[in-house]
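Novice: No gaps in the numbering here: position 28 of the sequence shown is 27 in numbering that gives the first Met the number 0, and each next residue is one more. Even for Gly, the Cβ is constructed at its ideal location relative to N, Cα and C. Computed from a predicted model, the values in this text were never measured in an experiment. A single structure is presented below for examination.
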Amino acid sequence: MEQREPGLSTPSILIPFILISLIWSSTWIVIKDQLGAGADAVPPSWSVAYRFAFASLAMFAMARISGAPLRLGRKGHLLALAIGIPQFVLNFNFVYAAEQYVTSGIVAVVFALLVVPNAGFAKLFFGHELSRRFLVGSAVAMVGVVMLFVAELRVSEARPGQVMLGIGFTLIAILSASAGNLLQLVDEVKKMPVASLLAWSMLYGTITNAGIALALYGPPVVESRPGYWLGLLYLGLVASALAFFFYYRILRAIGPGKAAYSSVLVPIVAMLLSTIFEDYRWTVLAAAGGILAMAGLVVALSARRPTPVIID
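Structure follows, in C-alpha cells:
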C-alpha cells in the first residue's frame, strides 16, 4: 500500500501557502518606503537588524506560549546559526541592496527563480525525485517569469550596469535563501520545533546584522517617522515571524521545490497590488507572462511523489 505525500489541495498547506504569498507580495511597498526616505533613511543593514529583532522576540514568545522547548543543545544552536546566517542575513541584505539599483518588481520576478536551486539541490543532496509533471510545470512557469522580467525591464529607468548589479545581488540572495531552505531537510533540523528553531535562527541573524550594520554604517540610526516603525513592525511580526513559521512548516511537508513556488506567485500578486495602489499598467507581455506562470504553478504543485508505507 502506498500513501501520497500532502499536496497543495490539503487545507493545512493551501491556506498558509496563500497567506504567505499575499504577505510577501506586499512587503515591497514597505521596503520601498524604507529605502526611499532620502538622506534621513535608516541604512539598509540597520533596517534588516531591527526587522529581525522584532521577529525573534515574536518567535520566542510564540515558542513559550506553544510550549516548544527553547533549549536546543550545542548541535541545535549550530544548526540554528547555520540557518540564520544565509536565510536572515545574506538573503535580506542582498535583497535590500538589489532594490537600491533596480525596481522591487524586477527583484521579485528574479527571486521567482528560487524554485530552481531549491528543487535541484534537494534532488542532488537529499534524493528528492522530480516528477515529469513538476518539471513541465516548472518549465512553463519559468517561461512566464522570463516574460514578466522582460516586461519589467522595459519600463525600468535603471542603467544597464545598475540592472546587472541589482540582478547579481538578487541571485546571491536566492542562493542564500535556498541554503536556509535546504537545511530544513536535515534530519536533526526536522526534529526541532519550528518556533524554537526560528527564534534562535532569527536571534543569531539579528546579532550578525547588527554587527554588519555597525561595521558599515556606524552606530544605530533611528528614524522619527511613525510610518517607518509601523512598516518595520509589519515586516518583523507578520512578514518574518508569522510568514516564516508557516513557510518552514510547508517546506517540511511538501519539500523545498514546491514550497519555493510562493516566490513565483509573489511577483504576480505584487503587480496586482501595484495596479490598485500605483496605477500599474499591464502590457500584453506582462499579462501573458502572469498567465503562464500561474498555469505552470498549478501544474507543478499538483505533482505528488508517492511514498511507500509499510503496514504492520
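Would you call the region 275-293 in contact with the region 52-70, where contact means no fewer than 3 C-beta pairs closer than 8 Å?
Specialist: The answer is no - the region 52-70 does not touch the region 275-293, with fewer than three Cβ pairs under 8 Å.
Novice: Per DSSP, what kind of secondary structure is GLU1 in: helix, strand or coil?
Specialist: Position 2 of the sequence shown, counted from the first residue, corresponds to residue 1. Low local confidence applies: a pLDDT of 44 at GLU1 is under 50, so the model's placement there is unreliable, with the coordinate-based value given in what follows. Correct three-state label for GLU1: strand.
Novice: By the three-class DSSP mapping on this structure, what secondary structure does ALA294 have?
Specialist: Counting from 1 along the sequence shown, the entry for residue 294 is found at position 295. ALA294 falls in the helix class under three-state DSSP.
Novice: Please report how far the alpha carbon of LEU112 lies from the alpha carbon of PHE87, in whole angstroms.
Specialist: Taking the first residue of the sequence shown as position 1, residue 112 is located at position 113. Taking the first residue of the sequence shown as position 1, residue 87 is located at position 88. Straight-line Cα distance between these residues: approximately 18 Å.
Novice: Taking 8 Å as the threshold (C-beta atoms), are PRO43 and ASN92 in contact?
Specialist: In the sequence shown, counting from the first residue as 1, residue 92 sits at position 93. In the sequence shown, counting from the first residue as 1, residue 43 sits at position 44. Yes, Cβ-Cβ distance for ASN92 and PRO43 is below 8 Å.
Novice: Candidates LEU231, LEU271, LEU291: which alpha carbon is nearest TYR45's?
Specialist: Translated into the one-based positions of the sequence shown, residue 45 becomes position 46. Note that residue 45 is Trp in the sequence shown, not Tyr. Closest by alpha carbon: LEU231.
Novice: Between the Cα of THR207 and those of ALA150, ARG73, PHE110, ALA81, spot the shortest distance and give me the residue it belongs to.
Specialist: For the purposes of this step, residue 207 is identified with residue 208 of the sequence shown, where counting begins at 1. The residue with the shortest Cα to Cα distance from THR207 is ALA81.
Novice: Measure the CB-CB distance between VAL265 and GLY136 and report whether it falls below 8 Å.
Specialist: Counted from its first residue, the sequence shown places residue 265 at position 266. Counted from its first residue, the sequence shown places residue 136 at position 137. Not closer than 8 Å, so no.
Novice: Taking the alpha helix (DSSP H) that TRP228 belongs to, which residues open and close that run?
Specialist: Stepping through the sequence shown from its first residue, residue 228 is reached at position 229. It spans 225-232 - the alpha helix (DSSP H) in which TRP228 sits, taken as one unbroken run.
Novice: Is it buried or exposed for THR314, if we count other Cβ within 10 angstroms and need 16 for buried?
Specialist: Any answer about residue 314 is impossible in this case: the structure gives the chain only from 0 up to 311.
Novice: In chain order, what are the residue ranges of uninterrupted alpha helix (DSSP H) at least 4 long that sit wholly in the region 167-191?
Specialist: Counting only runs of 4 or more, we get 186-189.
Novice: Does GLY226 pass the burial test, meaning 16 or more other C-beta atoms within 10 Å, or should it be called exposed?
Specialist: For this step, residue 226 is matched to residue 227 along the sequence shown. GLY226 should be labelled exposed.
Novice: Please report how far the alpha carbon of MET270 lies from the alpha carbon of ARG73, in whole angstroms.
Specialist: Stepping through the sequence shown from its first residue, residue 270 is reached at position 271. Stepping through the sequence shown from its first residue, residue 73 is reached at position 74. Between MET270 and ARG73, the C-alpha separation is close to 44 Å.
Novice: Run through DSSP, which three-state label would ILE17 get?
Specialist: Position 18 of the sequence shown holds residue 17. It is helical.
Novice: For a test of the three-state rule: what should DSSP assign to HIS127, helix, strand or coil?
Specialist: In the sequence shown, the residue the question calls residue 127 occupies position 128. Residue state, collapsed to three classes: coil.
Novice: Counting only the same chain and skipping the five closest in sequence on each side, list residues whose C-beta sits under 7 Å from that of ILE14.
Specialist: Your numbering for residue 14 matches position 15 in the sequence shown. Around ILE14: no qualifying Cβ.
Novice: Would you tell me roughly how many angstroms separate the C-alpha atoms of SER262 and ILE211, rounded to the nearest one?
Specialist: Your numbering for residue 262 matches position 263 in the sequence shown. Your numbering for residue 211 matches position 212 in the sequence shown. Cα to Cα, SER262 sits roughly 27 Å from ILE211.
Novice: So is PHE124 buried or exposed if we call it buried at 16+ other beta carbons inside 10 Å?
Specialist: The residue you call residue 124 lines up with position 125 of the sequence shown. So PHE124 ends up on the exposed side.
Novice: Which whole-angstrom value describes the C-beta separation of LEU18 and PHE243, a residue pair presumed to lie in contact below a C-beta threshold of 8 Å?
Specialist: Along the sequence shown, read from residue 1 onward, the residue named residue 18 stands at position 19. Along the sequence shown, read from residue 1 onward, the residue named residue 243 stands at position 244. At roughly 12 Å, the Cβ-Cβ gap does not stay under 8 Å, so LEU18 and PHE243 are not in contact.
Novice: Buried or exposed for VAL221, please, with buried defined as at least 16 other CB atoms from any protein chain shown within 10 angstroms of its CB.
Specialist: Within the sequence shown, numbered from 1, the residue matching residue 221 stands at position 222. With fewer than 16 Cβ atoms within 10 Å of its Cβ, VAL221 is classed as exposed.
Novice: Could you say which of ILE28, SER20, GLN33, THR26 lies nearest to SER223 if we only look at CA atoms?
Specialist: Here residue 223 is taken as the residue at index 224 of the sequence shown, counted from 1. It is GLN33.
Novice: If you draw a straight line from the C-alpha of ALA121 to the C-alpha of HIS127, how long is it?
Specialist: Position 122 of the sequence shown, counted from the first residue, corresponds to residue 121. Position 128 of the sequence shown, counted from the first residue, corresponds to residue 127. Rounded to the nearest angstrom, the two C-alpha atoms are 6 Å apart.
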